[in-house]
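Residue numbers (the UniProt record's numbering), protein chains in the order written: chain A, 1 to 180; chain B, 1 to 574.
Comments concern the structure below.
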C-alpha cells in the first residue's frame with residue numbers, strides 16, 4: 001500500500017487488486033456497457049430520437065422557403081394549416097416565423113427548423129403538462145428536418161432557450177394540435 | 001503593503017527550502033510563492049463572480065426580480081467567466097505547481113515564464129471582464145459561450161485568447177519539471193504528480209481548442225474573414241467550453257487523492273487501477289465536448305453516440321474507479337490505524353471538524369451523486385432533448401463545479417492558509433462551518449434548478465419566464481414554488497461563500513502565525529504515515545463497497561426516471 005505523494009514501489013503494477021475493488025470494476029464496467037447499448041439500441045427501436053436530416057442552406061434562402069410555405073398554407077384564427085406534411089419554422093430575433101400552426105394529432109409531420117439571424121433554441125411543451133418538453137438547437141445555415149407525431153391534442157408552447165439578444169425572453173410561438 | 005509582503009514570507013533555509021510540518025515535503029520558496037499568488041488571485045475571481053451570483057439568482061427568483069433584462073445578461077456573463085473560468089484556472093495553475101515541483105521537492109523552473117504567464121492571464125481576465133461590462137449595442141453580452149453570429153465585442157474574443165495563452169505559458173514550468181524528473185530515469189511519479197500531469201495535458205488540449213474558437217470568431221469580428229459558421233464555432237468552442245470543466249474534474253480528483261491522504265490518512269489501494277483511470281481520462285474525457293452538440297443539426301447519430309459516451313463510457317468508468325478508490329483509500333488507511341470498526345466506523349470517526357477534510361468529502365459525495373450521475377444521464381443522446389438549455393443543465397454544472405470542484409478548492413485554500421501562509425484561522429468554529437453551510441445550501445439550490453428544468457422545462461439563459469413571458473399568456477408559473485425554495489437557498493449558499501472569503505481573508509490578515517513545526521491541526525490522528533503493516537488485501541473495504549452500491553442504485557434510479565419521462569413524449573425523430 002502506498003501514498004500518493006511518494007513514488008510507488010517498483011512492483012506497483014504487479015500488486016494484486018483488492019477483491020472488492022475487482023468486483024466494483026466489474027459492476028462499473030457492466031453498467032457502462034449497459035447504458036451504452038441502451039442508448040445505441042434506442043436509436044433503432046425507440047420513438048424519441050433527436051435524429052433527422054440536415055441540409056446546408058443560406059439563411060435568406062431559408063427565409064424565402066418559409067415565405068413560400070406560408071403562402072401555400074391556409075390561414076385560420078388558430079394559425080396556419082400546412083398544405084402538406086411539411087411544417088416550416090424560421091427562428092428570428094425575437095419571433096418564430098411560421099408559427100402558430102395547426103396540426104392533426106396522430107399524423108407524422110416533417111418539422112423544418114432553421115434560423116435567419118443568430119442561434120436559437122427550439123423548446124416545446126404542451127400547456128397542460130410542463131414536464132413533457134423537448135429542446136433542439138437551431139442555427140442559421142442549417143435546415144434540420146425532424147419528423148414528429150403529436151399524439152395528444154392541445155396547445156403546445158414554443159419558447160426560445162438559447163440567448164439570442166435582449167428581447168430573447170419574449171420569443172414565443174404555438175402549435176395547436178387538433179383531433180385528426 | 002507590508003501586510004501583503006508578509007504573506008510571502010516563511011522561514012526558509014539558506015538553500016531556499018523548508019520542510020512542511022504537515023506533509024513532510026521539501027518546499028522551495030519559488031514554488032510556494034507562485035502557488036500563493038495564483039491561489040490569492042483565484043479567490044479574488046471567486047469573490048467577483050460570487051458577488052454576481054447574487055444579482056443573477058435574485059433575478060431568476062422572479063419573486064425578487066432584481067435586475068432588468070438589459071443588464072441581466074451582462075451580470076450572468078461576468079458570473080460565468082469569473083467562476084467557471086478564472087476562479088478555476090488560476091487555482092488549477094496552483095494545483096499544477098503543487099502537484100509538480102512541490103510534491104517532487106524541486107524549485108520552480110522557468111520562473112520568468114511563470115511570471116509572464118501570470119501577468120498575461122491577469123490582463124486577459126481583466127480584459128474579458130471589462131469587455132463584458134463595457135459592451136455597447138449592437139454587441140450583446142457573450143454569456144459563457146459567445147455563440148456566433150450573435151455580435152459580441154471583438155475585445156472579448158481577443159482578451160479571452162490572451163487569457164488562454166497566459167494559462168498555457170503558466171503551465172510550462174510544470175511541464176518542464178515533469179520533463180526533467182523523468183527524462184533520464186525510469187522513475188514512476190507519485191500519483192498526485194501523475195494526476196496533475198494528465199490534468200495538464202487535458203488542459204493544453206482544451207486551451208488549443210479555445211484559442212482556435214475565439215481566434216476564428218475574432219477574425220470574423222474584425223472582418224478578416226467574411227462569414228462565420230455557427231456549427232464549426234460550436235465544435236471548436238466546446239473543446240474549451242467542456243474541456244475546461246474536464247480540467248476542473250482532473251484537478252479536483254488529484255486534490256482528492258492529495259487531501260484525503262494528508263488530512264484523512266488515506267492510502268492508495270491500487271496504484272495500477274487509479275493510474276489506469278487517469279489514462280482513460282487522457283484518451284477519452286475530452287470526447288465529452290460532444291455533450292453540447294447532441295441536439296444540434298448536422299451531426300450523425302454515430303458521431304454523437306461515440307463521442308457522448310467517451311467511447312463506450314471509458315471516462316465514466318474511470319470516474320467510477322476513482323469513486324471507489326478514494327473512499328477505499330480512506331477506509332484502508334483508517335482501518336489499518338485501528339480507527340473505527342463496523343461498516344462505517346472509519347468514516348464516522350474521521351476528522352469532520354477539520355474543514356479541509358469535510359470540504360473534500362462533501363466534494364466527493366456531492367460531485368458523484370449530484371454532478372456525475374446527472375452528467376452521464378443528460379449526456380445520453382435522447383435524454384439530452386429533455387435537458388438541453390433548461391435550468392436542469394445549470395443544476396448539473398452547479399453540482400459539478402459549484403459543489404464538486406469549488407468545495408474541493410475551498411478545502412485546498414484553507415489547507416494552504418495553514419500550511420503555506422502558516423496562519424491560524426481567525427475562528428475555528430466559523431472555518432469548520434464553511435463546508436457544512438455551503439454544501440447544504442448549494443445542494444438544495446442545485447436540486448431546485450434540476451427540478452425546475454426537468455420537471456417544468458424552465459429554460460436557462462433568460463431574465464424572466466416563470467411568472468411572465470412578455471407578450472404571451474403562457475408562463476411557467478407552475479414552477480413558482482420551486483423558485484421560492486431555490487431563491488432562499490441560493491441566498492444561503494452565497495452567504496456561505498461570503499463566509500469562506502471572510503474566513504480566508506481574515507485569517508490571512510489577522511490570523512496568528514503558526515510556530516515552526518506546528519501542524520495547525522491538519523494531520524490525522526496518528527500522524528501522516530501510521531504504519532499498520534498489513535497488505536491491502538488483508539484490509540476490509542466493505543464500507544466503501546456498500547457506499548458504492550448505494551451510488552450505483554441511485555444512478556440506476558435517476559437513469560430509469562429520466563428515460564421514463566422521455567418515453568412519455570410524442571414521437572420525435574427518424
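Cβ atoms here follow ideal geometry from the backbone N, Cα and C, with glycine treated the same way.
Taking buried to mean at least 16 other C-beta atoms within 10 Å of its own C-beta, is residue i buried or exposed?
{"i": "residue 579(B)", "result": "There is no way to answer for residue 579(B), as the model of chain B reaches only from 1 to 574."}
{"i": "residue 137(A)", "result": "buried"}
{"i": "residue 12(B)", "result": "exposed"}
{"i": "residue 75(A)", "result": "exposed"}
{"i": "residue 143(A)", "result": "buried"}
{"i": "residue 353(B)", "result": "exposed"}
{"i": "residue 68(A)", "result": "exposed"}
{"i": "residue 464(B)", "result": "buried"}
{"i": "residue 1(B)", "result": "exposed"}
{"i": "residue 461(B)", "result": "buried"}
{"i": "residue 551(B)", "result": "buried"}
{"i": "residue 77(A)", "result": "exposed"}
{"i": "residue 177(B)", "result": "buried"}
{"i": "residue 303(B)", "result": "exposed"}
{"i": "residue 484(B)", "result": "exposed"}
{"i": "residue 13(A)", "result": "exposed"}
{"i": "residue 19(A)", "result": "exposed"}
{"i": "residue 300(B)", "result": "exposed"}
{"i": "residue 70(B)", "result": "exposed"}
Inspect the beta-carbon positions of residue i and residue j and report whether they are closer than 7 angstroms.
{"i": "residue 493(B)", "j": "residue 452(B)", "result": "no"}
{"i": "residue 86(A)", "j": "residue 571(B)", "result": "no"}
{"i": "residue 83(B)", "j": "residue 56(B)", "result": "no"}
{"i": "residue 470(B)", "j": "residue 170(A)", "result": "yes"}
{"i": "residue 508(B)", "j": "residue 415(B)", "result": "no"}
{"i": "residue 102(B)", "j": "residue 167(B)", "result": "no"}
{"i": "residue 198(B)", "j": "residue 250(B)", "result": "yes"}
{"i": "residue 333(B)", "j": "residue 268(B)", "result": "no"}
{"i": "residue 106(A)", "j": "residue 41(A)", "result": "no"}
{"i": "residue 135(A)", "j": "residue 322(B)", "result": "no"}
{"i": "residue 498(B)", "j": "residue 411(B)", "result": "no"}
{"i": "residue 80(B)", "j": "residue 144(B)", "result": "yes"}
{"i": "residue 94(A)", "j": "residue 141(A)", "result": "no"}
{"i": "residue 218(B)", "j": "residue 154(B)", "result": "yes"}
{"i": "residue 130(A)", "j": "residue 456(B)", "result": "yes"}
{"i": "residue 93(B)", "j": "residue 170(B)", "result": "yes"}
{"i": "residue 246(B)", "j": "residue 285(B)", "result": "yes"}
Since I believe residue j is in contact with residue i (beta carbons under 8 angstroms), could you give me their beta-carbon distance rounded to a whole number of angstroms?
{"i": "residue 409(B)", "j": "residue 503(B)", "result": "Not quite, the Cβ-Cβ distance comes to about 14 angstroms (not below 8 angstroms), so this is no contact."}
{"i": "residue 379(B)", "j": "residue 291(B)", "result": "5 angstroms"}
{"i": "residue 313(B)", "j": "residue 22(A)", "result": "Actually they do not touch by this definition, with Cβ atoms about 19 angstroms apart."}
{"i": "residue 153(A)", "j": "residue 177(A)", "result": "5 angstroms"}
{"i": "residue 439(B)", "j": "residue 351(B)", "result": "About 16 angstroms; that fails the 8 angstroms criterion."}
{"i": "residue 520(B)", "j": "residue 514(B)", "result": "5 angstroms"}
{"i": "residue 74(B)", "j": "residue 66(B)", "result": "Going by Cβ atoms, the distance from residue 74(B) to residue 66(B) rounds to 13 angstroms, so no, they are not a contact pair."}
{"i": "residue 225(A)", "j": "residue 150(A)", "result": "As shown, chain A starts at 1 and ends at 180. That puts residue 225(A) outside it, with no answer to give."}
{"i": "residue 436(B)", "j": "residue 490(B)", "result": "Not really, about 17 angstroms apart at Cβ, beyond 8 angstroms."}
Per DSSP, which residues does residue i bridge with? Please list them.
{"i": "residue 571(B)", "result": "149(A)"}
{"i": "residue 90(A)", "result": "97(A), 114(A)"}
{"i": "residue 17(B)", "result": "28(B)"}
{"i": "residue 109(A)", "result": "148(A)"}
{"i": "residue 74(A)", "result": "81(A)"}
{"i": "residue 72(B)", "result": "Answer is none; residue 72(B) lacks a bridge partner."}
{"i": "residue 122(A)", "result": "136(A), 160(A)"}
{"i": "residue 55(A)", "result": "143(A)"}
{"i": "residue 469(B)", "result": "472(B)"}
{"i": "residue 293(B)", "result": "Residue 293(B) pairs with nothing; no bridge assigned."}
{"i": "residue 103(A)", "result": "177(A)"}
{"i": "residue 2(A)", "result": "268(B)"}
{"i": "residue 398(B)", "result": "Answer is none; residue 398(B) lacks a bridge partner."}
{"i": "residue 390(B)", "result": "459(B)"}
Just checking, does the segment 425 to 438 of chain B make contact with the segment 82 to 100 of chain A on the three C-beta pairs under 8 angstroms criterion?
With a cut-off of 8 angstroms, the segment 82 to 100 of chain A and the segment 425 to 438 of chain B do not count as touching, because too few Cβ pairs lie within range.
Indicate whether the contact test is met: 3 or more Cβ pairs, each with one atom in the segment 333 to 345 of chain B and one in the segment 371 to 386 of chain B, closer than 8 angstroms.
In the pairwise beta carbon analysis, the segment 333 to 345 of chain B is classified as not touching the segment 371 to 386 of chain B: fewer than three pairs are separated by under 8 angstroms.
Could you tell me whether the segment 214 to 234 of chain B touches the segment 268 to 278 of chain B, where touching means 3 or more Cβ pairs closer than 8 angstroms?
Cβ pair count under 8 angstroms is below three, so no.
Decide yes or no for the touch test of the segment 184 to 201 of chain B against the segment 107 to 119 of chain B: beta carbon pairs closer than 8 angstroms, at least 3 of them.
Three or more beta-carbon pairs separated by less than 8 angstroms are not found between the segment 184 to 201 of chain B and the segment 107 to 119 of chain B, which leaves the two stretches without contact.
Would you say the segment 251 to 258 of chain B touches the segment 89 to 109 of chain B, given that touching needs at least three Cβ pairs under 8 angstroms?
Touching, yes.
Pairing CB atoms from the segment 145 to 162 of chain A with CB atoms from the segment 31 to 50 of chain B, are three or more of them under 8 angstroms?
The segment 145 to 162 of chain A, when compared against the segment 31 to 50 of chain B, does not touch it at the 8 angstroms Cβ threshold.
If we count Cβ pairs, one from each stretch, closer than 8 angstroms, do we get three or more for the segment 198 to 217 of chain B versus the segment 233 to 243 of chain B?
Inter-segment contact for the segment 198 to 217 of chain B and the segment 233 to 243 of chain B is present: three or more beta-carbon pairs are separated by less than 8 angstroms.
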